[in-house]
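Residue numbers (this note's numbering): 271 to 466.
Glycine included, C-beta positions come from ideal geometry on N, C-alpha and C.
Computed from a predicted structure; not experimentally measured.
Please read the structure below before turning to the comments.
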Amino acid sequence: MEPSKMEEFVANAALLAAHLTDQCNKAAAAQQAAAKELQASAIAVGKTIDDGRREIGEQTRGAIHDALAQEIPAATHSIGETAARLRQVADHLQQEQAQLTQRARFLGWKSLGVLSVACLLLVAGSGYAARHNLQRAAQAKVDAEVLEALQQVTITSCSGQPCIRLQEGLPRWQKNDQYVLIDTSGEQEARSTSGR
């Protein structure tokens, strides 16, 4: 693989990784913001419960005062109704608070799952790209070896018949002089010395 293409691939992979990391960070921030909003809602519900209790307490005190001023049986009935309403409101608010807490937990697990899947996809994609590039590099090496061998041979047409011209002075095979032996040890030494 050409160095410029490899550099371009590495740059693209780095940009993709940065983009996915940025997206993961944005998703995590959004999930955290949602969790904070749910927590703020739970706090608001708690304040509403406290305000409701305070208001009901004030109504209860007012009802007691009125009952004592007028009739105790009527006041007792009013207190019973107020207490029943207070229990209903408190139960309802506790249910809402429990639902908000459960939703906050669910969103936390969901965001963790999304981040885990995104990271796994990033790792899998990078691994696949690296494996693909290694396969392409191996194929390029084989192609280069074939091209190097073809430099020793000229394939052409001789009076309409295919023919091959080999370089002069190549050693012939003793069993059949139609075949030329190719000495690649010198080329390998030349490649290893030029690569140093």
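Cβ pair residue i, residue j closer than 7 Å
i           : j           : result
residue 255 : residue 301 : Residue numbering for the chain in the displayed model covers 271 to 466; residue 255 lies beyond these limits and cannot be assessed.
residue 297 : residue 374 : no
residue 521 : residue 339 : The structure shown does not extend to residue 521, since the chain is modelled only from 271 through 466, so no value can be given for it.
residue 359 : residue 322 : yes
residue 290 : residue 326 : no
Whole-number beta carbon distance between residue j and residue i, since they are thought to touch under 8 Å
i           : j           : result
residue 294 : residue 354 : 51 Å between Cβ atoms; not a contact.
residue 319 : residue 363 : 4 Å
residue 365 : residue 312 : Actually they are not in contact, since the Cβ atoms of residue 365 and residue 312 sit about 12 Å apart, beyond 8 Å.
residue 283 : residue 399 : 6 Å
Sequence-distant residues of its chain with Cβ nearer than 7 Å to residue i (five each side left out)
i           : result
residue 329 : 352
residue 461 : Confidence at residue 461 is low in this model, with a pLDDT of 48, below 50, so the placement of that residue should be treated as unreliable; the coordinate-derived value is given next. Within the same chain, residue 461 has no close Cβ partners at all.
residue 421 : none
Cβ shell of residue i (< 8 Å), same chain only, five flanking positions each side left out
i           : result
residue 287 : 392 and 396
residue 378 : 301 and 305
residue 384 : 297 and 301
residue 274 : none
residue 308 : 370, 373, 374 and 377
residue 444 : none
Same chain, Cβ closer than 6 Å to residue i, five either side skipped, listed in chain order
i           : result
residue 279 : none
residue 310 : none
residue 285 : none
residue 281 : none
Please specify which runs of the alpha helix (DSSP H), each continuous and at least 4 residues long, are wholly inside the segment 335–408, giving them in chain order.
none
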